[in-house]
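Input: a single structure, listed below in structure tokens.
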Amino acid sequence: MKITVVCPDCKSRLEFLARTGGDLIECGLCDRLIALAISEKIRSDSEVDCCPVCQGVELYSRKDFDPKVGLTVIIVGALISGVFYWFRLDLIAYSVLGIAALLDLVVYSRLRDLSVCYRCHAEFRGNYRRTAPLFDLHTADELELEWARRLGKQ
Ligand SMILES: [Zn+2]
Ligand SMILES: [Zn+2]
Numbered sequence: 005m006k007i008t009v010v011c012p013d014c015k016s017r018l019e020f021l022a023r024t025g026g027d028l029i030e031c032g033l034c035d036r037l038i039a040l041a042i043s044e045k046i047r048s049d050s051e052v053d054c055c056p057v058c059q060g061v062e063l064y065s066r067k068d069f070d071p072k073v074g075l076t077v078i079i080v081g082a083l084i085s086g087v088f089y090w091f092r093l094d095l096i097a098y099s100v101l102g103i104a105a106l107l108d109l110v111v112y113s114r115l116r117d118l119s120v121c122y123r124c125h126a127e128f129r130g131n132y133r134r135t136a137p138l139f140d141l142h143t144a145d146e147l148e149l150e151w152a153r154r155l156g157k158q
């Protein structure tokens, strides 16, 4: 599985393979060293049982969706639609918009789930068994605060 760690200092996203990951990763931007403890289950891509960065067990599932891609589809659709609208081809204009929205929906539904760590926002992509529940705002608030305090004490 692939793990994306978020640097606590500069928020850079650092990606590496769990199978070959060591016990430290260095942020390429701010040189901060981040300690990793990769469990056997994560290495073998069977389950995300414990976050390698914060050792948290609370994770949530979300679609692996890049909002920028979705937005681009809508903007391109709107531009094309605008051209048709200009030439008073309203029906075609609306159809193009509709198709763009539909395309977004299709892309979205085909996306796979990924697990995200509530505390440190590490992301886990792979074929492992999905066990994490959906996002819960209350849990996120609590755990993010706890993690921020822990980082502050280091
Ligand atoms: Zn950094
Ligand atoms: Zn974590």
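The end of the sequence shown is residue 158 by our numbering, with every number in the run present.
All C-beta atoms in this analysis are idealised placements derived from N, C-alpha and C, irrespective of residue type, glycine included.
Using a Cβ-based criterion (distance less than 8 angstroms to any ligand heavy atom), does C121 qualify as near ligand 1? In the sequence shown, counting from the first residue as 1, residue 121 sits at position 117. At a threshold of 8 angstroms, C121 does not count as near ligand 1, since its beta carbon sits no closer than that to any of the ligand's heavy atoms.
What did DSSP end up calling D13 once you bin it into helix, strand or coil? Counted from its first residue, the sequence shown places residue 13 at position 9. Three-state result, D13: coil.
Using a Cβ-Cβ cut-off of 8 angstroms (strictly less than) and excluding sequence neighbours within five positions of L101, which residues of its own chain qualify? Position 97 of the sequence shown, counting from 1, holds the residue named residue 101. Result list for L101: G81, A82, S85, in chain order.
Looking only at its own chain, which residues have a Cβ that is under 6 angstroms from the Cβ of V77, when we skip the five neighbours before and after it? Along the sequence shown, one-based indexing puts residue 77 at 73. Here the set comprises A104, L107, D108.
Beta-bridge pairing of S119 - partner residues as DSSP gives them: Position 115 of the sequence shown, counting from 1, holds the residue named residue 119. BP columns for S119 point to S65, F128.
Is A152 near ligand 2 - that is, is its Cβ less than 8 angstroms away from at least one heavy atom of it? In the sequence shown, residue 152 corresponds to position 148, counting from 1. No - ligand 2 has no heavy atom lying nearer than 8 angstroms to the Cβ of A152.
Is G130 near ligand 2, going by C-beta to nearest heavy atom under 8 angstroms? Here residue 130 refers to the residue found at position 126 of the sequence shown. Not so, every heavy atom of ligand 2 lies at least 8 angstroms from the Cβ.
What span of residues does the alpha helix (DSSP H) with I38 cover, start to end? Working through the sequence shown from its first residue, we reach residue 38 at position 34. That residue, I38, is in no alpha helix (DSSP H); its beta strand (DSSP E) goes 37–39.
By DSSP's criteria, T8 is part of a beta bridge. Which residues make up the other side? Against the sequence shown, residue 8 aligns to sequence position 4. According to DSSP, which records beta bridges pairwise, T8 is partnered with E19, E127.
Would you say C124 and C58 are within 9 angstroms of each other, going by their C-beta atoms? Here residue 124 refers to the residue found at position 120 when the sequence shown is read from its first residue. Here residue 58 refers to the residue found at position 54 when the sequence shown is read from its first residue. Yes; because the gap between Cβ atoms is below 9 angstroms, this pair is in contact.
Does the beta-carbon of Y112 have 16 or more other beta-carbons within 10 angstroms, so that it is buried, or is it exposed? As a working mapping, residue 112 is identified with position 108 in the sequence shown. Per the 10 Å Cβ criterion, exposed.
Going by DSSP, what residue range makes up the beta strand (DSSP E) through I29? Residue 29 sits at position 25 when you count from the first residue of the sequence shown. From DSSP, the beta strand (DSSP E) with I29 extends over 28–30.
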